[in-house]
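One structure is given here, and the rest of the page talks about it.
In the UniProt record's numbering, the protein residues as written are 1 to 181.
Next up, the structure:
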């Protein structure tokens, strides 16, 4: 339901910012494929072969190279991507700072790192609800709703140059960063 109400529109915004050779980290079932720019050279990774299998049906529409790989241990050389994109990924990787460090490493110094995430709110009542929900979301669905994603991005070596609040006060955010190299 959220996909049709908001996420699809947000994905368009995310991929309108992509240029050149682009790495999508955490492709999931390939919901972003429809939004890939025709001019970009796309490489997409996911840790789960099962997710990769589901994405292959959608991949026919997109010119994308898909690889099973861990976001925390990218098997790419340094400085090879113009853009690195993560949509709802830092909430699920075990070590989000390590994931960002890897994205910074493979991104060219003049490149950009784009994160669409749900984050821990600065509003106390919302943050309290996120804390209550997190054992359920992390235990049953594998994602955390209470991470301080902005701090994780900065700790991973990226400099946030844009921060857009998309919905639910400050929970859904788009961060655009530059590698701190």
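Think of the CB as a built atom: it goes at the ideal place given N, C-alpha and C, for glycine as much as any other residue.
Item to check | Residue closest to residue 87, alpha-carbon to alpha-carbon, out of 181, 157, 36 | outcome: Looking at the Cα atoms, 36 is the closest of the given residues.
Checklist entry - Sorted by chain position, which residues of the same chain lie with C-beta nearer than 6 Å to residue 70's C-beta, five sequence neighbours on each side aside? => result For residue 70, where only same-chain residues beyond five positions count, the Cβ hits under 6 Å are 47.
Item to check | Simplified DSSP assignment, three categories, for residue 100 | outcome: helix
Checklist entry - Leaving out the 5 sequence neighbours to the left and right, which residues in its chain are closer than 6 Å to residue 76 when beta-carbon positions are compared? => result 106
Checklist entry - So what does DSSP say about residue 73, is it helix, strand or coil? => result coil
Checklist entry - Among residues of its own chain, excluding the 5 on either side of residue 82, which ones have a beta-carbon nearer than 7 Å to its beta-carbon? => result 19, 20, 21, 22, 108, 111
Checklist entry - Terminal residues of the continuous alpha helix (DSSP H) containing residue 173? => result Residue 173 -> not in any alpha helix (DSSP H); beta strand (DSSP E) instead, spanning 172-179.
Checklist entry - Looking at C-beta atoms only, is the number of pairs between the stretch 124-135 and the stretch 52-68 that lie closer than 8 Å three or more? => result no
Next on the checklist: In whole angstroms, give me the CA-to-CA distance for residue 173 and residue 42.
Outcome noted: In a straight line, the C-alpha of residue 173 is about 23 Å away from that of residue 42.
Item to check | Runs of alpha helix (DSSP H) wholly within the stretch 100-146 (minimum 4 residues, chain order) | outcome: 124-136
Checklist entry - How about residue 147 and residue 103: are their beta carbons less than 8 Å apart? => result no
Checklist entry - Do you know whose CA, among 25, 33, 27, lies nearest residue 12's CA? => result 33
Checklist entry - residue 150 and residue 175: beta carbons closer than 8 Å? => result Contact check for residue 150 against residue 175 passes: the beta carbons are separated by less than 8 Å.
Item to check | 8 Å Cβ shell around residue 160 - same chain, five flanking residues per side excluded | outcome: 150, 153, 154, 175, 176, 177
Item to check | Three-way DSSP call (helix, strand, coil) for residue 13 in this model | outcome: helix
Item to check | First through last residue of the alpha helix (DSSP H) which encompasses residue 54 | outcome: Its alpha helix (DSSP H) spans residues 49-59.
Item to check | Delimiting residues of the beta strand (DSSP E) encompassing residue 83 | outcome: 81-87
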